[in-house]
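Everything below concerns the one structure shown next.
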Amino acid sequence: MFDLRDLYQQVIVDHSKSPRNFGQLDDCNHQADGYNPLCGDKLHIYLRINDENIIEDVSFEGEGCAISVASASLMTDALKGKSVSESQAIFEQFQHMATADLAEAPDEAVLGKLAVLAGVREFPSRIKCATLCWHTLQAAVKDSETPAKTE
Amino acid sequence: MSVDGTDMNLNIDAIRKVFPILHQQVYGKPLVYLDNAATTQKPQPVIDALRHYYERNNANVHRGVHALSERATADYEGAREKLRALLNAASTREIVFTRGATEAINLVAASWGRTNIGAGDEILISEMEHHSDIVPWQMLCEQVGAKLIVAPINDAGELMFDTFEEKLSERTKLVGMVHLSNALGTINPVDKIIAKAHAVGAKVLLDGAQALAHLNVDVQALDCDFYVTSAHKMYGPTGIGILYAKEALLEAMPPYQGGGDMIAMVTFEKTQYNALPYKFEAGTPNIAGVIGFGAAVDWLCDTGIDAIAAHEQRLLAYATEKALNVEGLTIIGTAADKATVLSFTIDGVHPHDLGTILDREGVAIRAGHHCAMPVMQHFGVPATARASFAAYNTQAEINALFAALNKAQEMFA
């Protein structure tokens with residue numbers, strides 16, 4: 017029997033209550049909005065990427081459920097200092113983890129702390145809460161004018 | 316209500332017996348279904364009516380010369396008469412079957428609206444409308460150059476009647492108003508609204524999607540111009556609803572969609588339209604849905620709308636009292652005249668997380684904007700959690716709801 021605590025692990029509750037890297041990033045050079053029209057979650061991601069394509073800093077603002085806020089908080093923590101192409105690889109692993117078969121263990125070597133969000137796959141209606149920030153990140157890298165959506 | 320769930324009017328145990336879906340467990344817990352404002356469950360007579368139609372009578376209506384078609388037509392038209400009687404409409408010519416309340420509003424906007432509303436005219440709605448009573452009017456306004464005016468609500472979630480009255484003018488051609496708000500539970504003073512609107516020459520459309528399972532509606536006594544509803548919120552099937560409109564209005568309105576069934580005579584030069592209400596029912600209709608809708612009306616009337624409403628009021632009062640004792644809980648929608656809906660937020664727990672946690676306790680509620688984003692904007696919240704009650708709900712289920720809420724609060728403590 018799957019337990020609620022597998023989704024709402026202490027790390028997730030903690031990040032949702034005190035999100036890291038929350039607020040505007042003054043010297044950002046990329047940004048984008050993310051929006052989940054079904055549940056009304058809104059995100060804004062700020063990025064500073066240097067000439068070597070390294071994510072020097074990243075932050076977010078917005079409102080959403082515990083899963084979406086914790087996911088954004090964990091994501092920003094994980095991406096600082098990573099290259100854009102590394103972030104792409106992590107995104108793909110994260111995406112895979114969120115939709116993979118229950119029996120498959122997440123790739124913790126790539127995902128690190130982000131693996132605590134593996135529980136969302138047992139809650140199909142909540143997967144998009146966890147992935148909204150990642151789609152918004154993709155949009156920010158491209159400086160997309162239209163808000164990222166999970167649908 | 317006595318301990319065993321019976322009262323003078325309603326035997327809740329007997330009612331629960333005819334809803335087969337209620338008798339199941341989800342995640343090992345008994346199902347507590349409190350999402351009735353989204354859709355109600357279906358009693359056995361409705362399920363049986365659908366089955367019976369497909370097992371015995373399936374045929375197209377209105378044109379068959381064989382026994383099955385005659386039976387199907389009789390049941391289909393029989394349902395129309397049940398709807399007429401429920402609303403006390405003057406004639407079955409005033410009952411048009413649609414896919415639901417949404418399509419009925421779109422029908423009025425496209426047909427009556429484009430004919431009768433022009434540049435500079437105004438459509439007046441309220442701040443508590445469902446998107447289905449906002450967007451069709453916005454689309455119409457864009458097409459014809461009319462203006463959408465919004466009458467505000469107060470912080471209890473009630474229409475500010477004085478402001479509503481001030482916004483009415485000779486430019487107002489239509490008032491669109493929800494009868495019972497799905498997001499707040501507010502019951503609007505529709506008789507007063509209609510009287511004031513008629514005084515300036517405006518027509519009134521009432522969105523009764525939530526209302527008919529809880530309130531008695533007499534369209535003639537109200538002098539209502541248009542009334543719309545959906546079967547699935549009143550114990551009937553999905554995908555079927557009605558538009559009630561005064562016959563003179565329907566008579567003057569152009570058809571909404573063209574096709575079979577809505578014609579009297581077709582040549583390539585000209586088509587003569589069918590009589591009411593068929594002029595507005597192009598194509599083979601949702602026959603099973605209509606027959607199921609009729610069975611739902613029968614069940615509702617046999618059970619007693621007044622008795623159901625009284626039972627739901629007791630549940631709402633009980634739940635409201637419990638809610639007031641939960642620390643950090645804010646009720647959204649505290650109108651003096653309200654029914655069946657308890658919408659709320661809890662400090663520190665987002666409604667979607669609440670929804671998920673409650674679900675694992677077997678308790679089904681709705682979390683979100685309830686297709687009424689402007690209501691959320693008024694109260695400054697992205698979403699609310701909403702428990703909504705029906706004939707088959709019990710005090711024990713409300714206790715389960717609050718036990719689950721307690722669990723959610725502990726999880727985020």
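Those protein sequence lines, which keep their order, are chains V and E. Our numbering puts the first residue of the first sequence at 17, with every later residue one more than the last. Our numbering puts the first residue of the second sequence at 316, with every later residue one more than the last. In this text, a Cβ means the ideal position worked out from N, Cα and C, and glycines have one as well. Only a predicted model underlies this, so the values are computations on that prediction, with no experimental measurement involved.
Give the secondary structure of residue i by DSSP, where H, G and I count as helix, E and B as strand, and everything else as coil.
| i | result |
| --- | --- |
| M443/E | coil |
| Q724/E | helix |
| F595/E | helix |
| F608/E | helix |
| E79/V | strand |
| H60/V | strand |
| Y342/E | coil |
| D73/V | strand |
| R486/E | coil |
| A514/E | helix |
| F541/E | strand |
| L495/E | strand |
| S384/E | helix |
| E473/E | coil |
| S317/E | Because S317/E sits at a pLDDT of 42, beneath the cut-off of 50, its placement in the model cannot be relied upon, and the following sentence gives the value as read from the coordinates. Coil, per DSSP. |
| Y588/E | strand |
| A48/V | strand |
| G695/E | coil |
| T582/E | coil |
| E437/E | strand |
| R414/E | coil |
Give every residue of the same chain whose Cβ lies closer than 6 Å to the Cβ of residue i, excluding the five residues on either side of it in the sequence, and list them in chain order.
| i | result |
| --- | --- |
| A652/E | Looking at the sequence itself, residue 652/E is Asp, so the reference to Ala does not match. Only I502 meet the Cβ criterion. |
| T660/E | T645, V696 and T699 |
| V85/V | S32 and P35 |
| V664/E | A723 and F727 |
| V318/E | Only weak support exists for where V318/E lies, its pLDDT of 42 falling under 50; the value from the coordinates is given anyway. Hits under 6 Å: none found. |
| G472/E | L499, T501, G648 and A650 |
| S496/E | M443 |
| M17/V | Model confidence at M17/V stands at a pLDDT of 48, short of 50, so the residue's coordinates are unreliable; what they give is reported in the following sentence. Excluding residues within five positions, none has a Cβ falling inside 6 Å. |
| F686/E | Strictly speaking, residue 686/E in this sequence is Cys, with Phe absent from that position. Taken in chain order, the residues that qualify are H445 and H446. |
| L455/E | A424 and G428 |
| I620/E | N531 |
| M91/V | C149 |
Using a Cβ-based criterion (distance less than 7 Å to any ligand heavy atom), does residue i qualify as near the ligand ZN?
| i | result |
| --- | --- |
| I672/E | No copy of the ligand ZN appears in this structure; indeed no ligand is present at all. |
Would you mind giving the Cβ-Cβ distance between residue i and residue j, rounded to the nearest angstrom? I have them listed as a contact below 8 Å.
| i | j | result |
| --- | --- | --- |
| A164/V | T152/V | 4 Å |
| V347/E | A715/E | 5 Å |
| I440/E | I449/E | 6 Å |
| I606/E | A394/E | 6 Å |
| R331/E | L325/E | That pair is no contact at about 11 Å. |
| L23/V | F139/V | 6 Å |
| P592/E | I420/E | No, P592/E and I420/E are not in contact; Cβ-Cβ is about 17 Å, not under 8 Å. |
| H684/E | G56/V | 5 Å |
Mind checking residue i: buried by the 16 CB within 10 Å criterion, or exposed?
| i | result |
| --- | --- |
| S484/E | exposed |
| V380/E | exposed |
| D674/E | buried |
| F608/E | buried |
| T321/E | Only weak support exists for where T321/E lies, its pLDDT of 45 falling under 50; the value from the coordinates is given anyway. Looking at its Cβ environment, which holds fewer than 16 other Cβ atoms inside 10 Å, T321/E is exposed. |
| D506/E | exposed |
| R378/E | exposed |
| C539/E | buried |
| K158/V | exposed |
| P122/V | buried |
| V361/E | buried |
| Q525/E | buried |
| D328/E | exposed |
| P451/E | buried |
| R21/V | exposed |
| D390/E | buried |
Below 8 Å CB to CB, which residues in the same chain sit around residue i once its five sequence neighbours on both sides are set aside?
| i | result |
| --- | --- |
| R414/E | G554, I555, G556 and N601 |
| A466/E | L439, I440, S441, E442, L474, M475, T478, F479 and K482 |
| S89/V | H31, S32, P35, R36, N37, F38 and F76 |
| I578/E | T586, Q587, Y588 and N589 |
| E396/E | T407 |
Spatial neighbours of residue i within its chain, please: C-beta separation below 7 Å, excluding the five flanking residues on both sides.
| i | result |
| --- | --- |
| T166/V | N52, K144, T147, L148 and H151 |
| E385/E | G379 |
| G574/E | A597 and G598 |
Checklist line | Sufficient close CB pairs (3 or more, under 8 Å) joining the stretch 430 to 442 of chain E to the stretch 452 to 466 of chain E | finding: By the criterion of at least three beta-carbon pairs nearer than 8 Å, the stretch 430 to 442 of chain E is in contact with the stretch 452 to 466 of chain E.
Note to self: Check whether the stretch 95 to 104 of chain V and the stretch 117 to 124 of chain V touch, using three or more Cβ-Cβ pairs below 8 Å as the test.
What the structure shows: At 8 Å Cβ cutoff, the stretches do not touch.
Check: Any chance the stretch 511 to 523 of chain E sits against the stretch 565 to 573 of chain E, with 3 or more Cβ pairs inside 8 Å?
Finding: no
Next item on the list: Evaluate the contact criterion for the stretch 49 to 63 of chain V versus the stretch 74 to 85 of chain V: three or more CB pairs, one atom per stretch, below 8 Å.
Entry: yes
Note to self: Whether or not the stretch 127 to 146 of chain V and the stretch 100 to 113 of chain V are in contact is what I'm after, with contact meaning three or more pairs of Cβ atoms, one per stretch, closer than 8 Å; do they touch?
What the structure shows: Result yes; three or more Cβ-Cβ pairs closer than 8 Å.
Check: Should the stretch 688 to 695 of chain E be regarded as contacting the stretch 349 to 367 of chain E, the criterion being three or more beta carbon pairs within less than 8 Å?
Finding: no
Checklist line | Touch test, the stretch 628 to 644 of chain E against the stretch 588 to 604 of chain E, Cβ-Cβ under 8 Å, three pairs minimum | finding: Not touching, per the Cβ criterion.
Next item on the list: Kindly confirm or deny that the stretch 397 to 412 of chain E and the stretch 529 to 540 of chain E touch, where touching means at least three C-beta pairs closer than 8 Å.
Entry: yes
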